[in-house]
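Single-structure report; data block below.
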Amino acid sequence: MRVLQGIGLGSAERALERALRIVRESPSTDPADLADAYIRLGDMYTVTSDRRAAESYLLAWDTLSGDTELEALRRQLFAHPTRLEVGPPPPASPDRMPDHARPGDPLFVEVSYTVRADGRVEDVRVADSNLPFRWRSYVRTRMEATRYRPRVDEREPVATRGLSYRHHFTLRLPRSQRQPPSPAG
1 MRVLQGIGLG SAERALERAL RIVRESPSTD PADLADAYIR LGDMYTVTSD
51 RRAAESYLLA WDTLSGDTEL EALRRQLFAH PTRLEVGPPP PASPDRMPDH
101 ARPGDPLFVE VSYTVRADGR VEDVRVADSN LPFRWRSYVR TRMEATRYRP
151 RVDEREPVAT RGLSYRHHFT LRLPRSQRQP PSPAG
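1 is the number of the first residue of the sequence shown in our numbering; add one for each residue after it.
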């Protein structure tokens, strides 16, 4: 789910609530479409920290229950936490190589974390990194602000521990240090 910049979360939430009403009232709606509408609304509620998220996810779960094909889709949608995107992350990039790194080395910060039953992230810990504190702190802070659709097990949103994320950085050299493009030919 990606919320477009320039559209307020409240407006997006109201639009998704209207879409759900339309889908629910349409005689041609199939269960997968109805579940998708519940999930999209639940995702928006998760992003806005609205407690109605769990109810929306459980309505989607129920909609996808009772049919083998739909239950396979349900497992796919709820077997693990799903990261919810709220606009592009701010661009950030180191402007010089760390002292211990060589050109061509991948620059990264890897964190471990838990996704709570409400989709919030906690227990963010840096597991590995070859970047200075500033960049480790940046990734940790971004992860703490990230929201997820939680894993659902037996019709219950549950916490998922022991997750990991590895953020790769690209070195941004100042213009004065950039190589000019080689002539074609």
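Ideal Cβ placement from N, Cα and C applies to all residues, glycine included.
Model, not experiment: these values are computed from the prediction.
Just to check my reading of the structure: residue i and residue j have Cβ atoms closer than 8 Å, yes? What is that Cβ distance to the nearest angstrom?
i	j	result
Leu34	Glu17	Rounded, the Cβ-Cβ distance is 14 Å, inconsistent with contact.
Ser164	Glu110	6 Å
Ser56	Tyr45	6 Å
In three-state terms, what does DSSP make of residue i?
i	result
Gly162	strand
Pro205	The structure shown does not extend to residue 205, since the chain is modelled only from 1 to 185, so the question has no answer here.
Ser56	helix
Gly6	Residue placement at Gly6 is flagged as unreliable, the pLDDT there being 45, under the threshold of 50; the coordinate-derived value follows with that caveat. If DSSP states are grouped into helix, strand and coil, Gly6 belongs with coil.
Asp118	coil
Glu154	coil
Asp128	strand
Leu207	This structure cannot settle anything about residue 207, because the visible part of the chain is limited to 1 through 185.
Ser112	strand
Arg149	strand
Gly107	The amino acid occupying residue 107 in the given sequence is Leu; Gly does not appear at that position. Correct three-state label for Leu107: strand.
Asp123	strand
Met1	With a pLDDT of 48 at Met1, under the threshold of 50, the modelled position of this residue cannot be trusted; read the value that follows with caution. It is coil, neither helix nor strand.
Tell whether a beta-carbon distance below 8 Å holds between residue i and residue j.
i	j	result
Pro81	Arg151	yes
Met195	Pro103	Because the chain spans 1 through 185 in this model, residue 195 falls outside it and cannot be assessed.
Arg83	Thr146	yes
Val126	Tyr113	no
Ala32	Leu70	yes
Arg142	Asp43	no
Phe78	His167	no
Contact between the stretch 56–73 and the stretch 127–139: three or more CB pairs below 8 Å? Cβ pair count under 8 Å is below three, so no.
If contact is defined by three or more beta carbon pairs under 8 Å, each pair taking one atom from either stretch, is the stretch 109–124 in contact with the stretch 155–166? In the pairwise beta carbon analysis, the stretch 155–166 is classified as touching the stretch 109–124: at least three pairs are separated by under 8 Å.
Pick out the complete alpha helix (DSSP H) segments inside the stretch 26–51, 4 residues or longer, and give them in chain order. Taking only runs of at least 4 residues, the alpha helix (DSSP H) segments lying wholly in the stretch 26–51 are 31–47.
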